[in-house]
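In my numbering, the protein residues as written are 1 to 219. Glycine included, every Cβ here is placed at the ideal spot set by N, Cα and C. Computed from a predicted structure; not experimentally measured.
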């Protein structure tokens, strides 16, 4: 029986991708690098510091990764406070409330930094529904490494077999698979270029993941 759900945040709970994309491309411009679509899509699901490490290596930059992180976060903070392109994913709030009402423990396990997770949770009043938050930026390994999901599942107090991950990215799905946790791949218009092969089930709407339908998808 499904007892806990581990939510990714970006692309699953909230559509911050347009803001992140704007912030990253402003940072790319600031440090004078050109990132094509293929390289950018490969970043999905990874923490900012890991992405900036890759950029420094890929472009042989003479700047520290932390410097790039600070530039990107400065742009994102401004966009978060001033850009109107920030909304919850359609149907996710109803799904969160549905699980919560049925006693399912909810944890967010995101590659986003904890300050960004807190900004989203405070803006959309999500704190009452979740028992924990995990940021990949605070861990040694980033998705696709399974560390974040292993720790998030342990936090629920339930066995991994009683947990489900909801992810929209290749790296996140790989992380859930490596952790040995059932994964629902959420395939939406915000998740282009991602590989859902390793997901146990693939859905395109949160209605398909309703608690009342768990016997049709959770096994």
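Collapsed DSSP secondary structure at residue i in the structure displayed
i	result
residue 208	helix
residue 164	strand
Same chain, Cβ closer than 7 Å to residue i, five either side skipped, listed in chain order
i	result
residue 135	110, 112, 113, 114, 117
residue 119	80
residue 170	44, 45, 194, 195
residue 207	91
residue 231	Since the first residue of the chain shown is 1 and the last is 219, residue 231 is not available in this structure.
residue 130	106, 107, 108
residue 99	5, 106, 211
residue 85	18, 19
residue 72	23, 24, 27, 48
residue 1	162
residue 205	91
residue 51	43
Enclosing alpha helix (DSSP H) for residue i [first to last residue]
i	result
residue 12	Looking at the DSSP string, residue 12 is not in any alpha helix (DSSP H), and its letter there is neither H nor E.
residue 39	37-41
residue 196	Residue 196 -> no alpha helix (DSSP H), and no H or E assigned at all.
residue 217	214-217
residue 57	48-58
residue 174	170-179
Other residues of its chain near residue i: CB distance less than 6 Å, five sequence neighbours each side excluded
i	result
residue 147	139, 141
residue 144	171, 174, 175
residue 179	146, 149, 150
residue 201	184, 217
residue 121	127
residue 94	none
N-terminal and C-terminal residue of the beta strand (DSSP E) that residue i is part of
i	result
residue 33	Segment: none, residue 33 is in no beta strand (DSSP E) and carries neither H nor E.
residue 186	182-186
residue 4	4-7
Cβ neighbours of residue i in the same chain (closer than 8 Å, five flanking residues each side left out)
i	result
residue 87	14, 15
residue 167	8, 12, 45, 173, 175, 176, 183, 184, 185, 186, 199
residue 64	56
residue 21	40
residue 214	1, 2
residue 203	184, 185, 186, 187, 209, 217
residue 137	47, 48, 49, 111, 112, 113, 114
Min CB distance residue i to chain C below 8 Å
i	result
residue 174	The chain labelled as chain C is not found in the depicted structure, where only one protein chain is given.
Legend entry - Three or more C-beta pairs below 8 Å linking the stretch 98-109 and the stretch 25-40: no
Legend entry - Runs of alpha helix (DSSP H) wholly within the stretch 73-152 (minimum 4 residues, chain order): 92-101, 114-123
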